[in-house]
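What follows is a short report on a single structure.
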């Protein structure tokens, strides 16, 4: 997607966000809730797409960054909200989201700097391991409810907030990738050795992508926390990370529009499959296998050209 | 001191199981260069195979008995070997020349497929089932240390299987072919080796070991359920990386180290809650400081 396209996305999503939130009282709460789920999924998938799709690093720990952001934002809100007057609450929400994003970015930096020297499936395993470590830590932290979870998080997330953030996420990531600096991500993805011989420092680019991806995953975590009003460590396990990876793969790695569609599709799919809930995960698994066998370039990629998937 | 010895005994038994599972990861990685996520589920299928075989075998060879246990282990291993071959044939073979990432994601899909199919009511159901005693068990006391016969069986079985595997890989024709394929697939095929057959054989061997490891694991654990493979599977994978993935003795050593560390951490107050994270912490440390593993050789990427 070019820069103009990115700008259009930003305006479209903000317009939709503002438009719908004006009438949000007239919408069915259930549908609004699902729409917010879709928005959160879009932020997660596009941010992972920066890492997996554009930069070609296979990360399996995105749920871990989401957890860091979600727990940090939720804890912040829980502590600060009782101390402040109601009219300041939107500000608290913004602060909570930014705090969550920054902490997740910090976690991304801590994991990224040392481990991005590794390639391919080693990186996948380190990030998987990192996600699990985060889960084990929150599971043992009494201050965030340990295994029984964090309850009573104020409900701040609305349709408007979510889709404004969706727009900003897509815009920032698309602009980043399309900037002169961002061409480095794609160069690193295409051929690391060649890129480094052209004076690009692959590790620096990978870390930048990783930290930026983690930041937005943290924001998504904050939105999620203030949407569901409840966080449990089990919600951020390996399956959650796989979910996000599948969105990126299904959409076609490195293809923003495809990834957005895939995020929406995969969030709606469980709702449609509700009456087949026993078979839901089986169908999901078959979808992954079938897709890899038949359309590894992603479902929403028109050209047959294979791009981006390297290990 | 007693505490230390007791934990060592438990850790060795657990580590032996991890070692057996790790061998499967390492063999597949050695030949195909990808992580077979479904390996952990083969382990679970092995335990279930034994669970369902036990009542069938019982009228012929009364259980618990060592003969019966060996028969059940052999049959389960054979079943899982076939499952391993089928998985490779259906899911991985069509992807042989695709990027490794594609294969990795497929493996995750296969793993999810097995787990959730088995959780379905029509298959095994999600509930935990009690694993039947396959062999007579007794506890021996050495001073204050309790050694269960199961632990001895686990360690002895692992040692025997390790030697059998070493013999197959180092001393037989098919083992030589495996090493050749692992070294350079194209060159091996030019020398007249049937690559597909070797890969099938590798999967069969790894899956058979996983099945036996699954039965041994189930004998120590209180029950079996469709997700039982995940935790030991992940730890065994870490063990394989720790030892240097693709390296058979490395996998065995890695398994023992992880088993021992985990048991010691589990027995230490304050650390016990974090035992699930320990394998990963080790993994991250090892990858940072010695990415090729303890016995692995660092490779230089060719341009």
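Chains as they are written, first to last, in the working numbering: chain A, 1 to 311; chain B, 1001 to 1303. By construction, the Cβ of each residue, glycine as well, lies at the ideal position given by its N, Cα and C atoms. Computed from a predicted structure; not experimentally measured.
- By the neighbour-count definition (other C-beta atoms within 10 Å, threshold 16), residue 277 (chain A) is an exposed residue.
- When secondary structure is reduced to three states using DSSP, residue 243 (chain A) falls in the helix class.
- Non-local C-beta neighbours of residue 1204 (chain B) in its own chain, meaning closer than 6 Å and more than five positions away in sequence, comprise 1081, 1084 and 1085, ordered along the chain.
- The Cβ neighbour count for residue 228 (chain A), taken over all protein chains shown within 10 Å, is at least 16; the residue is labelled buried.
- Interface criterion not met: the Cβ of residue 1239 (chain B) is under 8 Å from no Cβ in chain A.
- Under the three-state reduction of DSSP output, residue 1147 (chain B) falls in the strand class.
- For the set A:21, A:198 and A:41, the Cα lying nearest the Cα of residue 32 (chain A) is the one of A:21.
- Between the region 1039-1047 of chain B and the region 1248-1266 of chain B, the count of Cβ pairs shorter than 8 Å is below three; the stretches do not touch.
- Relative to residue 1141 (chain B), the option among B:1001, B:1289 and B:1006 whose CA is nearest is B:1006.
- Separation of residue 251 (chain A) and residue 54 (chain A) (C-alpha to C-alpha, rounded to the nearest whole angstrom) is 13 Å.
- In this structure, the straight-line span from the alpha carbon of residue 300 (chain A) to that of residue 52 (chain A) is close to 17 Å.
- Contact check for residue 1135 (chain B) against residue 1156 (chain B) fails: the beta carbons are separated by 8 Å or more.
- Interface annotation, residue 140 (chain A): in contact with chain B, CB-CB separation under 8 Å.
- Separation of residue 235 (chain A) and residue 1015 (chain B) (C-alpha to C-alpha, rounded to the nearest whole angstrom) is 30 Å.
- In this structure, residue 1131 (chain B) and residue 1224 (chain B) form a Cβ contact; the two beta carbons are roughly 5 Å apart against a cut-off of 8 Å.
- Contacts with chain A at 8 Å (Cβ-Cβ) do not include residue 1087 (chain B).
- For the region 1099-1181 of chain B, the continuous beta strand (DSSP E) assignments of 3+ residues that do not extend past its boundaries occur at 1139-1142 and 1145-1148, in sequence order.
- Residues of chain A whose Cβ lies closer than 8 Å to the Cβ of residue 1106 (chain B) are, in chain order, 288, 289, 292 and 293.
- Residues are counted here when their Cβ sits less than 7 Å from a Cβ of chain A; for the region 1261-1277 of chain B these are 1273, 1274, 1276 and 1277, given in chain order.
- Secondary structure of residue 186 (chain A) (DSSP, three-state): helix.
- Non-local beta-carbon contacts of residue 7 (chain A) in its own chain, meaning distances under 8 Å to residues more than five positions away in sequence, involve 171 in chain order.
- Between the region 68-86 of chain A and the region 215-229 of chain A, the count of C-beta pairs closer than 8 Å reaches three or more; the two stretches touch.
- For residue 147 (chain A), there is no enclosing alpha helix (DSSP H), since its DSSP letter is neither H nor E.
- Chain-order list of chain B residues neighbouring residue 129 (chain A): 1280, 1283 and 1284, by C-beta distance under 7 Å.
- Interface annotation, residue 1096 (chain B): not in contact with chain A, CB-CB separation never under 8 Å.
- Counting C-beta pairs closer than 8 Å gives fewer than three between the region 1059-1068 of chain B and the region 1111-1130 of chain B, which falls short of the contact rule.
- The three-state secondary structure of residue 48 (chain A), taken from DSSP, is helix.
- The C-beta of residue 1116 (chain B) comes closer than 8 Å to at least one C-beta of chain A.
- Residues of the region 1111-1137 of chain B that bring their beta carbon within less than 9 Å of a beta carbon in chain A comprise 1111, 1112, 1113, 1114, 1115, 1116, 1117, 1119, 1120, 1121 and 1122, in sequence order.
- Short of 6 Å from the beta carbon of residue 1049 (chain B), and not among the five residues preceding or following it, lie these beta carbons of its own chain, in chain order: 1076 and 1079.
- In this structure, residue 47 (chain A) keeps its C-beta atom at 8 Å or more from the C-beta atom of residue 153 (chain A).
- By the 16-neighbour rule on beta-carbons within 10 angstroms, residue 87 (chain A) is exposed.
- For the region 256-282 of chain A, the set of residues with a beta-carbon nearer than 9 Å to any beta-carbon of chain B comprises 278, 279, 280, 281 and 282, in chain order.
- In chain order, 1272 and 1275 place their CB closer than 6 Å to the CB of residue 1266 (chain B), counting only its own chain and leaving out the 5 sequence neighbours on each side.
- Secondary structure note for residue 288 (chain A): its alpha helix (DSSP H) is the uninterrupted segment 277-294.
- Closer than 8 Å to the CB of residue 1291 (chain B) there is at least one CB belonging to chain A.
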